[in-house]
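Counting in the working numbering, the sequence shown runs from 43 upward without gaps.
Notes follow once the structure below has been shown.
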Amino acid sequence: MTTPLTLEEEIAILKELEQFDTPTITNVVATYPGKATCLSLYHPWDTNWYTDDSLRAMYPELGPRCGFAVTCTYGIPDPNFKGGPTVGDVLDAIDASPKPVILLIKQDYPEQYKRKNGLCGGNMATAFHSAGCTGIISDGPSRDIDEVRSIGIQYMLTGASPGHGPMGVKAVNTPVHICGMDVAPGEIVHMDENGAVKFPRRYLKQVLENCKALSAAEDKKMKMLASTSDVTLLKKYMQGVYD
């Protein structure tokens, strides 16, 4: 029986995973079922375990972020819904989660508002970062791109918009669908300029071990591919044959 990781060990693994890009994580999680370094945690096409091309990193120079998912959903306030969740509840959820946190913000707005809602700005991003959030992913636009850059939080959005109308929190820590990816609170999310991927927390150690093995193999392959212009050899090297 495998001994469970301590939180300190999990956090150390998260930091190590930030040394790899997100495509490496996807390769290990599910992209190549049947390969020794692939855990095959999902069907590679028919499950929503990574993001689509509608999401982009605002600060690719900050590099990858990896952490525990906290989720919230925003929408237009309903005057008939009293006593619902607030941004304070989002902060409480971040505070209660293991750190670091990746905050996933679902924007549940009517179609005519979805592309003009600059939801998260400098104040919100600063508060979330101070509570323990190192990355924000949202399936709509946000604003204060230059201001948020100085905070050091990774910001992944569909774009930018300078304003918004009345808005409010509709739910905290419920499953969300964001830009092609289904995420539940507490899952692990890895993000960089290529997009984001999720996987269950219990696979942290295996994902790291397989990333190390895959990266070593890929480094060797890249060196071999760069070593010759002989197409016959290139074909062999693409198949992992080096003799």
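We put the CB at the ideal spot given by N, CA and C, even for glycine.
Between the options, which lies nearest to residue i when the distance is taken from Cα to Cα?
{"i": "Ser192", "options": "Gly201, Thr270, Thr176", "result": "Thr176"}
{"i": "Ile187", "options": "Gly207, Ala173, Met166", "result": "Met166"}
{"i": "Phe62", "options": "Lys262, Glu251, Met264", "result": "Glu251"}
{"i": "Glu260", "options": "Val239, Asp234, Asn69", "result": "Asn69"}
{"i": "Thr66", "options": "Thr274, Met198, Ala255", "result": "Ala255"}
{"i": "Lys77", "options": "Thr274, Lys57, Cys253, Gly109", "result": "Cys253"}
{"i": "Asn112", "options": "Tyr84, Gly125, Phe170", "result": "The residue you asked about is not Asn; residue 112 is Val in the sequence shown. Taking only the C-alpha atoms, the option nearest Val112 is Phe170."}
{"i": "Leu161", "options": "Tyr101, Met198, Asn122, Ala238", "result": "Met198"}
{"i": "Gln154", "options": "Thr79, Pro142, Gly182, Tyr101", "result": "Gly182"}
{"i": "Ile220", "options": "Ser82, Gln149, Thr79", "result": "Gln149"}
{"i": "Tyr245", "options": "Val71, Arg98, Ser180", "result": "Val71"}
{"i": "Asp195", "options": "Glu51, Leu104, Tyr84, Pro86", "result": "The sequence shown places Ile at residue 195, not Asp. Ile195 has its Cα closest to that of Leu104, out of Glu51, Leu104, Tyr84, Pro86."}
{"i": "Cys80", "options": "Gln248, Tyr279, Asp224, Val225", "result": "Gln248"}
{"i": "Thr200", "options": "Gly222, Glu189, Pro217", "result": "Gly222"}
{"i": "Ala173", "options": "Ser180, Pro152, Pro140, Lys156", "result": "Pro140"}
Since residue i sits in a beta bridge, which residues does DSSP pair it with?
{"i": "His232", "result": "Cys108, Val239"}
{"i": "Lys148", "result": "Thr115"}
{"i": "Ile178", "result": "Leu145, Tyr197"}
{"i": "Ala169", "result": "Answer is none; Ala169 lacks a bridge partner."}
{"i": "Ala99", "result": "Met198"}
{"i": "Ser184", "result": "Ala202"}
{"i": "Tyr74", "result": "DSSP lists no partner for Tyr74."}
{"i": "Tyr92", "result": "Val239"}
Looking at the secondary structure, which residues open and close the beta strand (DSSP E) in which residue i lies?
{"i": "Tyr197", "result": "196-199"}
{"i": "Lys158", "result": "Where Lys158 is concerned, there is no enclosing beta strand (DSSP E), given that its DSSP letter is neither H nor E."}
{"i": "Gly210", "result": "210-214"}
{"i": "Met280", "result": "Element bounds for Met280: not the beta strand (DSSP E) but the alpha helix (DSSP H), 273-280."}
{"i": "Val190", "result": "Not the beta strand (DSSP E): Val190 falls in the alpha helix (DSSP H), residues 187-191."}
{"i": "Met223", "result": "223-225"}
Looking at the unbroken alpha helix (DSSP H) that takes in residue i, where does it start and where does it end?
{"i": "Ile220", "result": "From DSSP, Ile220 is part of no alpha helix (DSSP H) but of the beta strand (DSSP E) over 218-220."}
{"i": "Asp261", "result": "246-267"}
{"i": "Asp134", "result": "129-138"}
{"i": "Pro65", "result": "64-68"}
{"i": "Glu60", "result": "That residue, Glu60, is in no alpha helix (DSSP H); it is neither H nor E in DSSP."}
Decide if the region 85-105 is in contact with the region 130-139; the criterion is three or more beta carbon pairs, one per stretch, under 8 Å apart.
-> no
Kindly confirm or deny that the region 201-210 and the region 115-129 touch, where touching means at least three C-beta pairs closer than 8 Å.
-> Short answer: they touch.
Taking contact to mean at least 3 C-beta pairs separated by less than 8 Å, is the region 44-62 in contact with the region 210-219?
-> no
Is the region 100-109 touching the region 219-237 in the sense that three or more CB pairs, one from each, lie closer than 8 Å?
-> Verdict: yes, contact present.
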